[in-house]
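Chains C and G supply the protein sequences, listed in that same order.
The working numbering puts the first residue of the first sequence at 1, with every later residue one more than the last.
The working numbering puts the first residue of the second sequence at 1, with every later residue one more than the last.
These notes are about the structure you will find just below.
2 protein chains.
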Amino acid sequence: MSSDANTIVKSYGEELRRLRELIARMGGLAERQVADASYVLARRDATAAAEVAARDAPIDALEREVEAYCVRLLALRSPMASDLRLIIAAMKISQDLERIGDYARNVAKRVIVVSENMGLSAGVASFEALAQMVQRNLKDAIDALVNEDAAACERVWRNDAPVDDVYDGIFRQLLTYMMEDPRNITSATHLLFVAKNFERIGDHATNIAETVYFSITGTTLPEDRPRGDVSGTAA
Amino acid sequence: MSSDANTIVKSYGEELRRLRELIARMGGLAERQVADASYVLARRDATAAAEVAARDAPIDALEREVEAYCVRLLALRSPMASDLRLIIAAMKISQDLERIGDYARNVAKRVIVVSENMGLSAGVASFEALAQMVQRNLKDAIDALVNEDAAACERVWRNDAPVDDVYDGIFRQLLTYMMEDPRNITSATHLLFVAKNFERIGDHATNIAETVYFSITGTTLPEDRPRGDVSGTAA
Numbered sequence: 001m002s003s004d005a006n007t008i009v010k011s012y013g014e015e016l017r018r019l020r021e022l023i024a025r026m027g028g029l030a031e032r033q034v035a036d037a038s039y040v041l042a043r044r045d046a047t048a049a050a051e052v053a054a055r056d057a058p059i060d061a062l063e064r065e066v067e068a069y070c071v072r073l074l075a076l077r078s079p080m081a082s083d084l085r086l087i088i089a090a091m092k093i094s095q096d097l098e099r100i101g102d103y104a105r106n107v108a109k110r111v112i113v114v115s116e117n118m119g120l121s122a123g124v125a126s127f128e129a130l131a132q133m134v135q136r137n138l139k140d141a142i143d144a145l146v147n148e149d150a151a152a153c154e155r156v157w158r159n160d161a162p163v164d165d166v167y168d169g170i171f172r173q174l175l176t177y178m179m180e181d182p183r184n185i186t187s188a189t190h191l192l193f194v195a196k197n198f199e200r201i202g203d204h205a206t207n208i209a210e211t212v213y214f215s216i217t218g219t220t221l222p223e224d225r226p227r228g229d230v231s232g233t234a235a
Numbered sequence: 001m002s003s004d005a006n007t008i009v010k011s012y013g014e015e016l017r018r019l020r021e022l023i024a025r026m027g028g029l030a031e032r033q034v035a036d037a038s039y040v041l042a043r044r045d046a047t048a049a050a051e052v053a054a055r056d057a058p059i060d061a062l063e064r065e066v067e068a069y070c071v072r073l074l075a076l077r078s079p080m081a082s083d084l085r086l087i088i089a090a091m092k093i094s095q096d097l098e099r100i101g102d103y104a105r106n107v108a109k110r111v112i113v114v115s116e117n118m119g120l121s122a123g124v125a126s127f128e129a130l131a132q133m134v135q136r137n138l139k140d141a142i143d144a145l146v147n148e149d150a151a152a153c154e155r156v157w158r159n160d161a162p163v164d165d166v167y168d169g170i171f172r173q174l175l176t177y178m179m180e181d182p183r184n185i186t187s188a189t190h191l192l193f194v195a196k197n198f199e200r201i202g203d204h205a206t207n208i209a210e211t212v213y214f215s216i217t218g219t220t221l222p223e224d225r226p227r228g229d230v231s232g233t234a235a
């Protein structure tokens, strides 16, 4: 029996399991990109940052694979109810993970620039805290999909407010830093965007948790999730 | 005959046309939010900005309506080929439009802050140019969906590079402005994010063009689209 034939006789249940596996693999790659982006930032390591910045092709390829697989399942299996919700969730989550990969890559690109200003160590501890929070939320959201754990989705969803608080602290710290010495302005500006990127990664982790919750329960989390980000209006 | 019965006997063709209409309506709302955000920015009008910032509920509601409608079509009609591609495209585009609405709202929020610094008129002309470019790309991408015009998608896709060039110019101008006078730092920082928001709106317009192209032709545009944004590595 050829491997093609194997694919054809694969059961519907196996196909749905494979879809979860694809998303989990993509989630693992995204987690690693975020962790590596945080690592090269903390060490201002331009060489390693260039490697991280060059490494988002596998995530993009998996996004296309997930979409093609979902289209195939929709066309061949005419899924209903929770199976249909899972397939739609997989497409949405793959988009979130692709964006997370883009944000991590942008962090790495900016590290290459700021690494030349070795004196700029402002807020390193806060950045590590921010990165660790969003990494944990991302991991928990993907685990919630694999384990079909709606309660875990709610926890991730609640955990975004502290992320926004840490982001706001970094934002204010970097503004102060720029005002103290104009020579910091270029690097601090890139670090503002780095902080924003981590905050956006956290938002996408929250999106994933919301999507997984709906896919499991068929109901949505409340529309207004707890938000701490006030930097949009911080004077 | 009740209106429910009317809904039930609606033909599949009518349902797909209604789906296009929903996306076109959502696109129209997103275009208006972007135009209004640009308007309040140019005039530093905090009162009007507060109205724009408070007005994204209709877009969010339409996103949920589009998704629910698509799920219903997938479950009841088991669509194939180009119909299936259209439904998946509609779900993706509604996510892009929801994000565009969020970015426009964030611009309006930041206008409220910077309006207090009336002296900061730096780069107003460039901001208007940037906003107009992304508005046109957004409108063209939505029109391409309505008119099933693949060639128009390619034009939008090519038009993103000049958007990135204008964004880079604003980025450099604002850095200079901060270095000249530290009192500009807070406002200029918000304007950096305003510029980034418009640039991201342009990226989402490009995403929409790519999605529409695939939905019409069944093939993808080349992976590496022309990119002008080098601010991630601008020292």
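C-beta atoms are modelled at their ideal positions from N, C-alpha and C, and glycine is treated no differently.
Terminal residues of the alpha helix (DSSP H) in which threonine 47(C) lies: Numbered from 1 along the first sequence, position 47 holds the residue referred to as residue 47(C). Note, threonine 47(C): alpha helix (DSSP H), 46 to 53.
Kindly list the residues whose CB is nearer than 8 Å to the CB of serine 215(G), restricted to its own chain and excluding five residues on each side of it in sequence; keep chain order. Along the second sequence, read from residue 1 onward, the residue named residue 215(G) stands at position 215. Excluding residues within five positions, the ones whose Cβ falls inside 8 Å are Ser82, Arg85, Leu86, Ile88, Ala89, Leu145.
Which of the three DSSP states, helix, strand or coil, is assigned to leucine 221(G)? If you number the second sequence from 1, residue 221(G) lands on position 221. Secondary structure at leucine 221(G): coil, using DSSP grouped into helix, strand and coil.
Mind checking which residues open and close the alpha helix (DSSP H) that includes aspartate 102(G)? Your numbering for residue 102(G) matches position 102 in the second sequence. Element bounds for aspartate 102(G): 81 to 114.
List the residues of chain C whose Cβ lies closer than 7 Å to the Cβ of methionine 179(G), in chain order. In the second sequence, residue 179(G) corresponds to position 179, counting from 1. Ordered by position in chain C, the residues that pass the 7 Å Cβ test against methionine 179(G) are Pro182, Ile185.
Would you identify the three-state DSSP class for serine 187(C), choosing helix, strand or coil? Taking the first residue of the first sequence as position 1, residue 187(C) is located at position 187. It is helical.
By the 10 Å Cβ neighbour count, where 16 or more other Cβ atoms means buried, how is proline 79(G) classified, buried or exposed? Reading the second sequence from its first residue, position 79 is the one you call residue 79(G). The Cβ neighbour count for proline 79(G), taken over all protein chains shown within 10 Å, is at least 16; the residue is labelled buried.
With DSSP as the reference, label glycine 228(G) as helix, strand or coil. In the second sequence, the residue the question calls residue 228(G) occupies position 228. Since pLDDT at glycine 228(G) reaches only 47, below the 50 mark, its modelled position is unreliable, and no value is offered.
Is the shortest distance between the beta-carbon of cysteine 153(C) and the beta-carbons of chain G less than 9 Å? By one-based count along the first sequence, residue 153(C) stands at place 153. No - not a single Cβ of chain G is within 9 Å of the one on cysteine 153(C).
Quick check on serine 38(C): does DSSP put it in helix, strand or coil? Numbered from 1 along the first sequence, position 38 holds the residue referred to as residue 38(C). DSSP places serine 38(C) in helix when its eight states are reduced to three.
Roughly how many whole angstroms lie between the Cα atoms of serine 187(G) and arginine 172(G)? Taking the first residue of the second sequence as position 1, residue 187(G) is located at position 187. Taking the first residue of the second sequence as position 1, residue 172(G) is located at position 172. Going from the Cα of serine 187(G) to the Cα of arginine 172(G) covers about 15 Å.
One question on the structure: do alanine 209(C) and asparagine 137(C) come within less than 9 Å of each other, judged by their Cβ atoms? Taking the first sequence and counting its residues from 1, one reaches residue 209(C) at position 209. Taking the first sequence and counting its residues from 1, one reaches residue 137(C) at position 137. A contact, by the Cβ cut-off of 9 Å.
Quick one: does valine 134(C) have its CB under 9 Å from some CB of chain G? In the first sequence, the residue the question calls residue 134(C) occupies position 134. Answer no: the Cβ-Cβ gap between valine 134(C) and chain G never drops below 9 Å.
Can you name the start and end residues of the alpha helix (DSSP H) that glutamate 67(C) belongs to? Along the first sequence, read from residue 1 onward, the residue named residue 67(C) stands at position 67. Where glutamate 67(C) is concerned, the enclosing alpha helix (DSSP H) stretches over 57 to 77.
Starting from the Cα of leucine 191(C), find the closest Cα among Ala75(C), Ser38(C), Ala24(C) and give me that residue. By one-based count along the first sequence, residue 191(C) stands at place 191. Nearest of Ala75(C), Ser38(C), Ala24(C) to leucine 191(C), Cα basis: Ser38(C).
Round the Cβ separation of valine 134(G) and valine 34(G) to the nearest angstrom and send it over; I've been treating them as touching at under 8 Å. Locating residue 134(G) in the second sequence gives position 134, counting from the first residue. Locating residue 34(G) in the second sequence gives position 34, counting from the first residue. Confirmed, Cβ separation roughly 7 Å.
Nearest-angstrom Cα separation, counted from arginine 72(G) out to valine 66(G): Position 66 of the second sequence, counted from the start, is the residue given in the question as residue 66(G). Position 72 of the second sequence, counted from the start, is the residue given in the question as residue 72(G). Rounded to the nearest angstrom, the two C-alpha atoms are 10 Å apart.
Helix, strand or coil for glutamate 148(C)? Go by DSSP, reduced to three states. Looking up residue 148(C) in the first sequence gives position 148. Note: glutamate 148(C) maps to coil in three-state DSSP.
Following a CB-centred definition, is alanine 104(G) positioned closer than 8 Å to any heavy atom of the ligand MG? No copy of the ligand MG occurs in the structure displayed, which carries no ligand at all.
When we look at the beta-carbon of alanine 131(C) and count the other beta-carbons within 10 Å, is it buried (16 or more) or exposed? Residue mapping note: residue 131(C) aligns to position 131 of the first sequence, counting from 1. Answer is buried; the Cβ neighbour count reaches 16.
Who are the Cβ neighbours of arginine 44(C) in its own chain at under 6 Å, not counting the five residues just before and after it? In the first sequence, counting from the first residue as 1, residue 44(C) sits at position 44. Ser115, listed in sequence order.
Are any of the Cβ atoms in chain G nearer than 9 Å to that of isoleucine 142(C)? Reading the first sequence from its first residue, position 142 is the one you call residue 142(C). Not one chain G Cβ lies under 9 Å of isoleucine 142(C).
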